[in-house]
Amino acid sequence: MKISTYLPIVILICLGLALTTADAQENLAQQAYLILENRCLDCHGPNGAFTENLVIDSATGLIDTGAIVPGQPLTSNVYTRLITTDTAKRMPLGQPPLDDTALQIISNWIAAGAPNWQTQHDVTFIPTDAMLSDMLQHLQTLNIFDQPFARYFTMTHLYNAGETVEARNAYQIALAKLVNSLSWGFNIHNPIPIDEAETIFYIDLRNYEWDIRDAWTQIENVYPYAIVFDEQTQTGLHTKLATLQEMMNAEVPFVHVYWFLATA
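For the numbering used here, add 8 to where a residue sits in the sequence shown, where the first one is 1.
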(Lines of atoms letter the chains of each structure in order from A and count residues from 1; the text may use other names and numbers.)
(Lines give C-alpha, C1' and ligand atoms only; values in the text may rest on other atoms or scores of the structure.)
Protein backbone atom coordinates (compact mmCIF):
# COMPACT_ATOMS: atom_id res chain seq x y z
CA MET A 1 0.00 0.00 0.00
CA LYS A 2 1.41 3.37 -0.96
CA ILE A 3 1.84 6.21 1.50
CA SER A 4 -0.57 8.41 -0.45
CA THR A 5 -3.43 5.98 0.24
CA TYR A 6 -4.02 7.42 3.68
CA LEU A 7 -3.96 11.06 2.62
CA PRO A 8 -7.70 11.89 2.73
CA ILE A 9 -8.07 10.60 6.31
CA VAL A 10 -4.74 11.59 7.81
CA ILE A 11 -4.52 15.13 6.49
CA LEU A 12 -7.84 15.99 8.13
CA ILE A 13 -6.42 14.89 11.47
CA CYS A 14 -2.91 16.29 11.22
CA LEU A 15 -3.35 19.56 9.44
CA GLY A 16 -6.14 20.51 11.79
CA LEU A 17 -3.58 20.38 14.60
CA ALA A 18 -0.53 21.78 12.88
CA LEU A 19 -1.83 24.44 10.54
CA THR A 20 -4.85 25.96 12.25
CA THR A 21 -2.98 29.12 13.28
CA ALA A 22 -1.46 29.80 9.87
CA ASP A 23 -3.26 31.60 7.09
CA ALA A 24 -2.40 31.28 3.41
CA GLN A 25 0.22 34.04 3.43
CA GLU A 26 1.96 32.64 6.49
CA ASN A 27 2.08 29.20 4.86
CA LEU A 28 3.56 30.70 1.71
CA ALA A 29 6.13 32.62 3.75
CA GLN A 30 7.17 29.41 5.54
CA GLN A 31 7.55 27.59 2.23
CA ALA A 32 9.71 30.42 0.89
CA TYR A 33 11.84 30.44 4.03
CA LEU A 34 12.31 26.69 3.80
CA ILE A 35 13.82 27.12 0.33
CA LEU A 36 15.99 30.05 1.39
CA GLU A 37 17.22 28.14 4.42
CA ASN A 38 18.16 25.10 2.35
CA ARG A 39 19.84 26.92 -0.51
CA CYS A 40 20.86 30.41 0.63
CA LEU A 41 21.40 30.85 4.37
CA ASP A 42 24.74 29.09 4.63
CA CYS A 43 26.20 31.93 2.59
CA HIS A 44 23.75 34.78 3.23
CA GLY A 45 22.18 33.97 6.59
CA PRO A 46 23.01 36.00 9.73
CA ASN A 47 26.08 33.79 10.29
CA GLY A 48 26.81 33.16 6.62
CA ALA A 49 30.14 33.33 4.85
CA PHE A 50 29.10 35.98 2.31
CA THR A 51 27.07 38.74 3.94
CA GLU A 52 28.76 41.79 2.43
CA ASN A 53 26.08 42.37 -0.22
CA LEU A 54 23.14 40.37 1.10
CA VAL A 55 21.95 39.23 4.52
CA ILE A 56 18.83 37.10 4.72
CA ASP A 57 17.60 37.57 8.28
CA SER A 58 13.96 38.47 7.73
CA ALA A 59 11.54 39.34 4.96
CA THR A 60 11.37 42.86 6.35
CA GLY A 61 15.15 43.15 6.14
CA LEU A 62 15.15 42.05 2.50
CA ILE A 63 12.52 44.66 1.69
CA ASP A 64 14.28 47.42 3.64
CA THR A 65 17.56 46.82 1.79
CA GLY A 66 15.85 46.76 -1.60
CA ALA A 67 16.71 43.12 -2.30
CA ILE A 68 13.00 42.42 -2.64
CA VAL A 69 10.33 44.67 -4.11
CA PRO A 70 7.00 43.49 -2.68
CA GLY A 71 4.62 42.42 -5.41
CA GLN A 72 7.29 42.53 -8.12
CA PRO A 73 9.36 39.33 -8.45
CA LEU A 74 10.96 40.36 -11.75
CA THR A 75 12.34 43.57 -10.26
CA SER A 76 13.50 41.90 -7.04
CA ASN A 77 17.24 41.22 -7.06
CA VAL A 78 16.88 38.11 -4.91
CA TYR A 79 14.59 36.51 -7.49
CA THR A 80 16.36 37.70 -10.64
CA ARG A 81 19.66 36.28 -9.34
CA LEU A 82 17.93 32.92 -8.95
CA ILE A 83 16.57 32.78 -12.50
CA THR A 84 19.37 34.37 -14.54
CA THR A 85 20.95 32.16 -17.18
CA ASP A 86 24.35 33.71 -16.49
CA THR A 87 26.02 31.05 -14.34
CA ALA A 88 28.56 33.58 -13.08
CA LYS A 89 25.72 35.52 -11.45
CA ARG A 90 23.10 32.87 -10.73
CA MET A 91 22.53 31.94 -7.12
CA PRO A 92 23.30 29.76 -5.34
CA LEU A 93 26.74 30.31 -6.81
CA GLY A 94 28.51 27.15 -7.96
CA GLN A 95 25.55 24.94 -7.08
CA PRO A 96 22.62 23.48 -9.01
CA PRO A 97 19.91 26.06 -9.72
CA LEU A 98 16.59 25.97 -7.92
CA ASP A 99 14.00 23.79 -9.61
CA ASP A 100 10.82 25.19 -11.15
CA THR A 101 8.71 24.41 -8.09
CA ALA A 102 11.02 26.27 -5.74
CA LEU A 103 11.28 29.23 -8.10
CA GLN A 104 7.50 29.41 -8.38
CA ILE A 105 7.16 29.47 -4.59
CA ILE A 106 9.67 32.32 -4.29
CA SER A 107 7.93 34.20 -7.09
CA ASN A 108 4.49 33.70 -5.51
CA TRP A 109 5.79 34.79 -2.13
CA ILE A 110 7.22 38.04 -3.50
CA ALA A 111 4.10 38.61 -5.61
CA ALA A 112 2.02 38.24 -2.43
CA GLY A 113 3.97 41.11 -0.87
CA ALA A 114 6.79 39.03 0.70
CA PRO A 115 4.96 38.41 4.00
CA ASN A 116 7.29 37.88 6.93
CA TRP A 117 8.00 34.35 8.11
CA GLN A 118 9.02 35.44 11.60
CA THR A 119 6.53 35.25 14.44
CA GLN A 120 8.92 35.85 17.33
CA HIS A 121 12.54 36.90 17.66
CA ASP A 122 13.90 35.42 20.89
CA VAL A 123 15.56 32.35 19.35
CA THR A 124 19.18 31.45 18.75
CA PHE A 125 19.60 30.66 15.07
CA ILE A 126 20.48 27.01 14.39
CA PRO A 127 22.71 26.81 11.29
CA THR A 128 22.61 23.86 8.92
CA ASP A 129 26.04 22.76 10.11
CA ALA A 130 24.76 22.38 13.67
CA MET A 131 21.69 20.48 12.47
CA LEU A 132 23.83 18.00 10.54
CA SER A 133 26.18 17.64 13.52
CA ASP A 134 23.28 16.79 15.83
CA MET A 135 22.14 14.06 13.44
CA LEU A 136 25.64 12.64 13.13
CA GLN A 137 26.17 12.62 16.89
CA HIS A 138 22.89 10.83 17.44
CA LEU A 139 23.50 8.37 14.61
CA GLN A 140 26.86 7.44 16.12
CA THR A 141 25.13 6.41 19.36
CA LEU A 142 23.23 3.71 17.47
CA ASN A 143 24.48 0.22 16.81
CA ILE A 144 26.18 0.04 13.42
CA PHE A 145 23.53 -2.46 12.29
CA ASP A 146 20.74 -0.05 13.27
CA GLN A 147 22.14 3.02 11.52
CA PRO A 148 20.83 2.16 8.01
CA PHE A 149 17.29 2.16 9.41
CA ALA A 150 17.53 5.60 11.01
CA ARG A 151 15.75 8.57 9.45
CA TYR A 152 15.09 12.09 10.66
CA PHE A 153 12.37 14.71 10.42
CA THR A 154 13.29 18.34 11.01
CA MET A 155 11.50 21.56 11.83
CA THR A 156 14.65 23.58 12.40
CA HIS A 157 13.51 26.08 9.79
CA LEU A 158 10.32 26.71 11.78
CA TYR A 159 12.37 27.29 14.92
CA ASN A 160 14.71 29.64 13.08
CA ALA A 161 11.73 31.50 11.64
CA GLY A 162 10.48 32.13 15.17
CA GLU A 163 7.54 29.73 15.25
CA THR A 164 6.02 29.53 18.73
CA VAL A 165 6.60 26.62 21.10
CA GLU A 166 2.88 25.86 21.00
CA ALA A 167 2.88 25.67 17.22
CA ARG A 168 6.00 23.46 17.17
CA ASN A 169 4.38 21.16 19.71
CA ALA A 170 1.36 20.91 17.43
CA TYR A 171 3.62 19.94 14.52
CA GLN A 172 5.28 17.29 16.70
CA ILE A 173 1.91 15.81 17.69
CA ALA A 174 0.75 15.84 14.08
CA LEU A 175 3.97 14.15 12.95
CA ALA A 176 3.52 11.37 15.52
CA LYS A 177 -0.07 10.80 14.40
CA LEU A 178 0.89 10.75 10.75
CA VAL A 179 3.84 8.33 10.90
CA ASN A 180 1.84 5.93 13.07
CA SER A 181 -1.16 6.20 10.75
CA LEU A 182 1.13 5.25 7.87
CA SER A 183 2.66 2.36 9.80
CA TRP A 184 2.17 -1.27 8.87
CA GLY A 185 3.33 -2.30 12.34
CA PHE A 186 1.16 -3.13 15.35
CA ASN A 187 2.71 -0.84 17.96
CA ILE A 188 2.78 2.93 18.38
CA HIS A 189 6.23 4.51 18.01
CA ASN A 190 6.46 8.27 18.27
CA PRO A 191 9.39 10.14 16.67
CA ILE A 192 12.05 10.97 19.26
CA PRO A 193 13.56 14.48 19.55
CA ILE A 194 17.35 14.31 19.55
CA ASP A 195 18.45 17.94 19.97
CA GLU A 196 18.15 20.43 22.79
CA ALA A 197 15.68 22.65 20.93
CA GLU A 198 13.61 19.60 19.91
CA THR A 199 13.64 20.43 16.21
CA ILE A 200 15.03 17.10 14.92
CA PHE A 201 13.12 13.84 15.33
CA TYR A 202 14.45 10.30 14.91
CA ILE A 203 12.55 7.27 13.69
CA ASP A 204 13.55 3.67 12.99
CA LEU A 205 12.06 2.48 9.69
CA ARG A 206 11.57 -1.01 11.11
CA ASN A 207 9.12 0.26 13.74
CA TYR A 208 6.68 1.06 10.94
CA GLU A 209 7.71 -1.76 8.58
CA TRP A 210 8.85 0.94 6.18
CA ASP A 211 12.07 -0.99 5.63
CA ILE A 212 10.27 -3.79 3.80
CA ARG A 213 7.70 -1.58 2.08
CA ASP A 214 10.15 0.80 0.41
CA ALA A 215 8.28 3.71 1.99
CA TRP A 216 11.25 6.03 2.44
CA THR A 217 12.21 5.64 -1.22
CA GLN A 218 8.74 6.88 -2.12
CA ILE A 219 9.39 9.93 0.05
CA GLU A 220 12.82 10.51 -1.50
CA ASN A 221 11.38 10.39 -5.00
CA VAL A 222 9.02 13.30 -4.40
CA TYR A 223 10.87 15.37 -1.78
CA PRO A 224 11.65 18.78 -3.34
CA TYR A 225 13.97 20.20 -0.65
CA ALA A 226 16.92 17.81 -0.70
CA ILE A 227 20.09 19.70 0.18
CA VAL A 228 23.12 19.70 -2.12
CA PHE A 229 26.49 21.12 -1.04
CA ASP A 230 29.41 21.99 -3.28
CA GLU A 231 32.40 19.81 -2.43
CA GLN A 232 34.93 22.57 -3.08
CA THR A 233 33.30 25.62 -1.50
CA GLN A 234 31.24 23.89 1.22
CA THR A 235 33.59 21.09 2.16
CA GLY A 236 32.51 20.71 5.79
CA LEU A 237 28.80 20.60 5.03
CA HIS A 238 29.34 18.31 2.04
CA THR A 239 31.35 15.88 4.17
CA LYS A 240 28.78 15.75 6.96
CA LEU A 241 25.90 15.17 4.57
CA ALA A 242 27.84 12.53 2.65
CA THR A 243 28.66 10.76 5.92
CA LEU A 244 25.00 10.70 6.90
CA GLN A 245 24.04 9.37 3.49
CA GLU A 246 26.64 6.62 3.67
CA MET A 247 25.90 5.54 7.25
CA MET A 248 22.15 5.53 6.65
CA ASN A 249 22.30 4.23 3.07
CA ALA A 250 19.90 7.01 2.10
CA GLU A 251 20.07 9.73 -0.52
CA VAL A 252 17.77 11.89 1.62
CA PRO A 253 18.55 11.26 5.32
CA PHE A 254 15.99 13.78 6.60
CA VAL A 255 12.88 15.63 5.47
CA HIS A 256 11.06 18.67 6.81
CA VAL A 257 8.07 18.04 9.07
CA TYR A 258 6.14 20.89 7.44
CA TRP A 259 6.42 19.32 3.99
CA PHE A 260 5.74 15.78 5.20
CA LEU A 261 2.50 16.74 6.92
CA ALA A 262 1.22 18.49 3.84
CA THR A 263 2.38 15.94 1.26
CA ALA A 264 2.77 12.40 2.63
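No residue lacks a Cβ here, since even glycine has one placed at the ideal position from N, Cα and C.
Per the DSSP calculation, residue i is bridged to which residue(s)?
i: F262; result: Y160
i: P123; result: P123 is not bridged to any residue.
i: I200; result: Y210
What three-state label does DSSP hand residue i in the structure shown?
i: Y179; result: helix
i: G209; result: Rather than Gly, the amino acid found at residue 209 in this sequence is Phe. Three-state result, F209: strand.
i: I220; result: coil
i: M274; result: Outside the displayed span of the chain (9 to 272) sits residue 274, for which this structure offers no information.
i: R98; result: coil
i: E174; result: helix
i: T225; result: helix
i: P105; result: coil
Taking C-beta to C-beta, are residue i and residue j nearer than 9 Å?
i: P135; j: A67; result: no
i: F133; j: Q180; result: no
i: G193; j: N215; result: yes
i: M139; j: T109; result: no
i: A184; j: N198; result: yes
i: V265; j: I227; result: no
i: I91; j: N85; result: no
i: F237; j: Q103; result: yes
i: D65; j: P78; result: no
i: I220; j: I211; result: no
Note the first and the last residue of the continuous beta strand (DSSP E) segment covering residue i.
i: Y41; result: Where Y41 is concerned, there is no enclosing beta strand (DSSP E), although the alpha helix (DSSP H) it sits in stretches over A32 to R47.
i: Y231; result: First-last for Y231: undefined, no H or E at that position.
What are the start and end residues of the alpha helix (DSSP H) that includes residue i?
i: L70; result: A67 to D72
i: K248; result: T243 to M256
i: I91; result: N85 to I91
Determine contact between the segment 99-119 and the segment 30-49, defined as no fewer than three beta-carbon pairs at a distance below 8 Å.
The segment 99-119 makes contact with the segment 30-49, as at least three CB pairs between them are under 8 Å.
Would you call the segment 154-172 and the segment 191-208 touching, i.e. three or more CB-CB distances under 8 Å?
yes
Counting Cβ pairs, one atom from each stretch, are 3 or more of them under 8 Å apart for the segment 255-270 and the segment 153-164?
Yes: the two stretches touch, three or more of their Cβ pairs being nearer than 8 Å.
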